[in-house]
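Okay, so here's the structure we're looking at.
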Amino acid sequence: MKLASLDRVLGVAFFAVAAGAALQARKFSVAFLIDPLGPKGFPLLAATLLAAGSLFVVLRPDRRSEFPERAAAGRIAAAVASFVIYALSVAPLGFFLSTALEVAFLARLFGGGVKASLASGALTAAGLWILFALVLGLPLPAGMIFG
Amino acid sequence: MEAIQHLASGFAVALQPLNVILAFVGVLVGTTVGMLPGIGPINAIAVLIPIAFALRLPPESALIMLAGIYYGSQYGNSISTILLNVPGTASAVTTALDGYAMTQSGRAASALAVSAIASFVGGTLSIFGLVLFAPLLAKWAIRFGPAEYFALMVFAFAALAGLAGANRAKALVATSLGLLLATVGFDPNSGLARFTFGEMKLLDGMDFVVVTIGLFAVSEVFRVLEGGEAGRLAAAAIGSVMARVREAVAAAWTMVRGSVVGFLVGVLPGAGGTVASFMAYATEQRLVDRRGTFGSGDMRGVAAPEAANNAAATGAMIPLLTLGIPGSGTTAVLLGALLGMNVTPGPLLLEQRPEVFWGLAASMYLGNAMLLVLNLPLVGVFVRVLELPRWALFPGVAALSFVAVYAVNQSVLDLWLMTGFGVVGYLMRRAGFPLAPLILGLVLGPLMEKNVRRALALSGGDWGVLFSSPLAIALWILAAATAVLPWLVSRRGAGRGALSLLRAEGGSQ
Numbered sequence: 024m025k026l027a028s029l030d031r032v033l034g035v036a037f038f039a040v041a042a043g044a045a046l047q048a049r050k051f052s053v054a055f056l057i058d059p060l061g062p063k064g065f066p067l068l069a070a071t072l073l074a075a076g077s078l079f080v081v082l083r084p085d086r087r088s089e090f091p092e093r094a095a096a097g098r099i100a101a102a103v104a105s106f107v108i109y110a111l112s113v114a115p116l117g118f119f120l121s122t123a124l125e126v127a128f129l130a131r132l133f134g135g136g137v138k139a140s141l142a143s144g145a146l147t148a149a150g151l152w153i154l155f156a157l158v159l160g161l162p163l164p165a166g167m168i169f170g
Numbered sequence: 006m007e008a009i010q011h012l013a014s015g016f017a018v019a020l021q022p023l024n025v026i027l028a029f030v031g032v033l034v035g036t037t038v039g040m041l042p043g044i045g046p047i048n049a050i051a052v053l054i055p056i057a058f059a060l061r062l063p064p065e066s067a068l069i070m071l072a073g074i075y076y077g078s079q080y081g082n083s084i085s086t087i088l089l090n091v092p093g094t095a096s097a098v099t100t101a102l103d104g105y106a107m108t109q110s111g112r113a114a115s116a117l118a119v120s121a122i123a124s125f126v127g128g129t130l131s132i133f134g135l136v137l138f139a140p141l142l143a144k145w146a147i148r149f150g151p152a153e154y155f156a157l158m159v160f161a162f163a164a165l166a167g168l169a170g171a172n173r174a175k176a177l178v179a180t181s182l183g184l185l186l187a188t189v190g191f192d193p194n195s196g197l198a199r200f201t202f203g204e205m206k207l208l209d210g211m212d213f214v215v216v217t218i219g220l221f222a223v224s225e226v227f228r229v230l231e232g233g234e235a236g237r238l239a240a241a242a243i244g245s246v247m248a249r250v251r252e253a254v255a256a257a258w259t260m261v262r263g264s265v266v267g268f269l270v271g272v273l274p275g276a277g278g279t280v281a282s283f284m285a286y287a288t289e290q291r292l293v294d295r296r297g298t299f300g301s302g303d304m305r306g307v308a309a310p311e312a313a314n315n316a317a318a319t320g321a322m323i324p325l326l327t328l329g330i331p332g333s334g335t336t337a338v339l340l341g342a343l344l345g346m347n348v349t350p351g352p353l354l355l356e357q358r359p360e361v362f363w364g365l366a367a368s369m370y371l372g373n374a375m376l377l378v379l380n381l382p383l384v385g386v387f388v389r390v391l392e393l394p395r396w397a398l399f400p401g402v403a404a405l406s407f408v409a410v411y412a413v414n415q416s417v418l419d420l421w422l423m424t425g426f427g428v429v430g431y432l433m434r435r436a437g438f439p440l441a442p443l444i445l446g447l448v449l450g451p452l453m454e455k456n457v458r459r460a461l462a463l464s465g466g467d468w469g470v471l472f473s474s475p476l477a478i479a480l481w482i483l484a485a486a487t488a489v490l491p492w493l494v495s496r497r498g499a500g501r502g503a504l505s506l507l508r509a510e511g512g513s514q
């Protein structure tokens, strides 16, 4: 059996989350307790269950769970990076511009042509702007260019 | 019979032209906002309440419209869930299991039709329940104390663990991760901030919309980006309306059972459509899933939760109107609207303002019929969405996710959290962790914690209180049986390795 299957990696990660949460939760204390369980009881219970479950997964991983292929992982990493940049750019650039660029970038990533991707980005952003900002009246950032 | 007389007087109210129009406006708005992930009925109702006040609508008319949004959104919700795997609310998460699987195998039109018909069956059958049992069930639900609630929720998790197929450990991880996420934020009992890392935004807790959209919609974008077989969509022949109806008849009993389960769960304040749809799905899987097709595109897996969450929406009206206890965020907003119009829901409402209660019940018949007529022919239009090429559709799904998450709070942190949950969700799905228990844990966590703490506060720290009433004991036995029985059965069948592997695959979505 391979030592590092996706199951094992996730199991170890979740176990770490459980351990970290339990360490944090032990510090939850208040001067005056209204209920016997207090603020730490339930998080500790959840963390214990999580630790137990993830330990099982680490010890008996599913051999069929594999990491994505290198090329696929690269595309996904590019998408994740673009999401992070989008989050940072949406307020300064405005909803329309940043969404249009992001959608165009993702469309390229999905294998769309250059012109088609740009058009799809502009159309998608415009459609969402009309629906959410104009029809539903939700406040979307106009950005420094249009604002 | 008295109930029929009352209902007749209710129809007299509901059939007034103004109320018919308002019911139509309500269900139309409801379907539309239900389709848009992250907007949800609660925002639409909140937006329309001031308008209802401004128009000086009588309370029954306003309630007819606002309730129309509520149950109409249950119809619309299933559309984005089935087509794009983007459940807007927790109650549609179960529909995603088989609904999206049907879409992937080119049966989106059938799934949408079954969902509309099941919603109609659930919606109308449960109105019978509302009319016949409202006074009776109100008395029964009041006996649910904190211990019973806690046991009920453990039962819901046990039932759901069965959905995960063979791998209990992964279901346990997902459930407890959801419960842990649910404790993030301000603890109302002690006033302590938990797991917020000094971030003000997290004081309100993990936003359900952010987590769900990340885990489901964003992770789906990543999955399709892999370029594997899994993400390919196929739009199939759409067929006539009648053909779709005939196909759905095969799932008739599933819809009836789902309606009953959904209604009963919906009546319990706090349980609501999410638990109802999970329970209906789990029940149906136990009863009829002989070949293990649930989770891989079984029509009955769409029919059961859709009937149940619509029935639960009706059932939730009972504690709201007869006890004044809202069972969900949306019914809480409805309660606020009623109070604003000087209608105080409670045991006396049926006697003092019968036109409100019976007028609403009658209008729900009309509204559900309108929804069916509205939705069935439109199935073909909705399915066209799938004919878009992937490079146009999935970036659009991502953009829709951005708006849904960003528009609510204007928070960059929310977008990052959504991305993070997208990555985690993608990896978990790849490794065969079920995501539905995580969502259920996140939604039920606060209720569970509140109830167990209340129970222990009442008993002075004695854990025995959780097993002290016959009702609670019955629920614990049910929970234990649901958790252990399928495990024993699968143990015995472990020799047939290939079959159990298939089941694990099917349930892992």
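Order-wise, the sequence lines are chains P and U. Heads up, the first sequence is in the working numbering, so the first residue is 24 and it goes up one at a time. Heads up, the second sequence is in the working numbering, so the first residue is 6 and it goes up one at a time. Glycine residues also receive a C-beta, built at the ideal position from the N, C-alpha and C atoms. Everything numeric in this text was worked out from a predicted model, so none of it was measured.
Residue i beta carbon near the ligand ATP (any heavy atom closer than 7 angstroms)
i: residue 190/U; result: Of ligands this structure carries none, so the ligand ATP is not represented either.
Where residue i falls: helix, strand or coil (DSSP)
i: residue 358/U; result: coil
i: residue 182/U; result: helix
i: residue 191/U; result: strand
i: residue 199/U; result: strand
i: residue 92/P; result: coil
i: residue 419/U; result: helix
i: residue 218/U; result: helix
i: residue 300/U; result: coil
i: residue 399/U; result: helix
i: residue 86/P; result: coil
i: residue 92/U; result: coil
i: residue 424/U; result: helix
Nearest-angstrom Cα separation, counted from residue j out to residue i
i: residue 77/U; j: residue 125/U; result: 10 angstroms
i: residue 99/P; j: residue 93/P; result: 10 angstroms
i: residue 194/U; j: residue 48/P; result: 15 angstroms
i: residue 252/U; j: residue 105/U; result: 18 angstroms
i: residue 30/P; j: residue 44/P; result: 21 angstroms
i: residue 328/U; j: residue 288/U; result: 29 angstroms
i: residue 29/U; j: residue 28/P; result: 54 angstroms
i: residue 71/P; j: residue 156/U; result: 19 angstroms
i: residue 90/U; j: residue 225/U; result: 8 angstroms
i: residue 305/U; j: residue 94/U; result: 20 angstroms
i: residue 303/U; j: residue 257/U; result: 14 angstroms
i: residue 36/U; j: residue 380/U; result: 9 angstroms
i: residue 202/U; j: residue 190/U; result: 10 angstroms
i: residue 212/U; j: residue 10/U; result: 45 angstroms
i: residue 568/U; j: residue 355/U; result: There is simply no residue 568/U to check, as chain U begins at 6 and stops at 514 in what is shown.
i: residue 108/U; j: residue 231/U; result: 19 angstroms
i: residue 39/P; j: residue 69/P; result: 13 angstroms
i: residue 63/U; j: residue 359/U; result: 13 angstroms
i: residue 371/U; j: residue 187/U; result: 38 angstroms
Beta-carbon gap between residue i and residue j smaller than 8 angstroms
i: residue 115/U; j: residue 100/U; result: no
i: residue 136/U; j: residue 321/U; result: no
i: residue 283/U; j: residue 319/U; result: no
i: residue 77/P; j: residue 41/P; result: yes
i: residue 144/P; j: residue 110/P; result: no
i: residue 405/U; j: residue 68/U; result: no
i: residue 457/U; j: residue 60/P; result: yes
i: residue 118/P; j: residue 163/P; result: yes
i: residue 412/U; j: residue 155/P; result: yes
i: residue 446/U; j: residue 177/U; result: no
i: residue 79/U; j: residue 134/U; result: no
Which listed residue (the options) has its alpha carbon closest to that of residue i
i: residue 50/U; options: 343/U, 386/U, 372/U and 266/U; result: 343/U
i: residue 395/U; options: 291/U, 227/U, 172/U and 214/U; result: 227/U
i: residue 4/U; options: 63/U, 31/U, 339/U and 369/U; result: Because chain U spans 6 through 514 in this model, residue 4/U falls outside it and cannot be assessed.
i: residue 403/U; options: 53/P, 121/P and 63/P; result: 121/P
i: residue 80/P; options: 140/P, 34/P and 65/P; result: 34/P
i: residue 440/U; options: 184/U, 119/U, 33/U and 129/U; result: 184/U
i: residue 486/U; options: 161/U, 128/U and 139/U; result: 161/U
i: residue 15/U; options: 435/U, 22/U, 463/U and 361/U; result: 361/U
i: residue 470/U; options: 150/U, 56/U and 88/U; result: 150/U
Chain A within 8 angstroms of residue i, Cβ atoms only
i: residue 117/P; result: In the structure shown, chain A cannot be found, because the protein chains are P and U.
Chain-ordered residues of the region 64 to 80 of chain P with a beta carbon less than 9 angstroms from chain U: 64, 65, 66, 68, 69, 70, 71, 72, 73, 74, 75, 76, 77, 78, 79 and 80
The region 34 to 53 of chain P: positions lying closer than 7 angstroms to chain U by Cβ: 37, 44, 47, 51 and 53
Where the region 88 to 100 of chain P meets chain U: residues whose CB sits under 9 angstroms from a CB there: 88, 89, 90, 91, 92, 94, 95, 96, 98 and 99
Selection of the region 78 to 95 of chain U by Cβ proximity to chain P, strictly under 7 angstroms: none
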